[in-house]
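Written out below as structure tokens is the structure these notes cover.
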Amino acid sequence: GDENLKDYPIHENHELTIRSVLNNQMLYQEGWGVHAIKHSLTYSGGQSRGHVRSSAPVAACGFQGFSPFALPNVIEVAEGIPFIELTDWKEDRLYALKGEIVRRGVQAVTGLTMPTFEKRRFQRGAVGDETFASVFPTDPLEYRRRFLKMFA
140 GDENLKDYPI
150 HENHELTIRS
160 VLNNQMLYQE
170 GWGVHAIKHS
180 LTYSGGQSRG
190 HVRSSAPVAA
200 CGFQGFSPFA
210 LPNVIEVAEG
220 IPFIELTDWK
230 EDRLYALKGE
240 IVRRGVQAVT
250 GLTMPTFEKR
260 RFQRGAVGDE
270 TFASVFPTDP
280 LEYRRRFLKM
290 FA
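Each residue of the sequence shown is one higher than the last, beginning at 140 in the working numbering.
Now the structure itself:
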């Protein structure tokens, strides 16, 4: 759902602006950049990352992977979301949009009002700040180095 609702921190990539994000319908599904390397030597586009990171655990546990967010008709609906009108080019409105959509959906289906929280990366919510800083390198190239050490 993050790809379809453009729910990634823009400030984490100096190449992106609110305008470049809102003006590119498929930015997070396809990635961005030039030639074969879209935006990073370390990371692929958001949609493919989700498939790659789930394929091995899913296969190892005997399951078949499926994400309703990757269905063509769901992506087509996401492409039609009027992001510019809903956000007025403001990042905080873009980041609040996914939570508001989920909250309204849950309320429409269950009648319950679900709280919404500020958007945070999953990794940031998994452990406290101190543990996070000791486990996850801040330099993206460190991830590439570790990958090459394991698989080169």
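For each residue, glycine too, the CB sits at the ideal point set by N, CA and C.
A quick note: this is a predicted structure, and the numbers were derived from the prediction, not measured.
Would DSSP call residue i helix, strand or coil?
i           : result
residue 148 : coil
residue 194 : helix
residue 165 : coil
residue 205 : coil
residue 287 : helix
Could you check whether residue j and residue i sit closer than 8 Å to each other, using their CB atoms as the reference points?
i           : j           : result
residue 249 : residue 239 : no
residue 145 : residue 233 : yes
residue 201 : residue 194 : no
Kindly indicate which residue of the options has the alpha-carbon position closest to the one of residue i.
i           : options            : result
residue 165 : 208, 204, 218      : 218
residue 227 : 275, 157, 286, 260 : 157
residue 150 : 271, 259, 220      : 259
residue 225 : 210, 192, 161, 283 : 161
residue 148 : 282, 269, 276, 231 : 231
residue 190 : 209, 202, 266, 245 : 209
residue 152 : 235, 278, 242, 243 : 278
residue 257 : 286, 291, 199, 236 : 236
Assuming the contact rule is C-beta atoms closer than 8 Å, residue i and residue j should be a hit. Round their C-beta distance to whole Å, please.
i           : j           : result
residue 294 : residue 207 : This structure does not reach residue 294, given that the chain is present from 140 up to 291, and the question cannot be answered.
residue 263 : residue 271 : 6 Å
Exercise for the section: Taking only runs that begin and end inside the stretch 210-281, name each unbroken alpha helix (DSSP H) of 4 or more residues, in chain order. Expected result: Runs found: 211-218, 222-226, 230-249, 261-265, 268-274.
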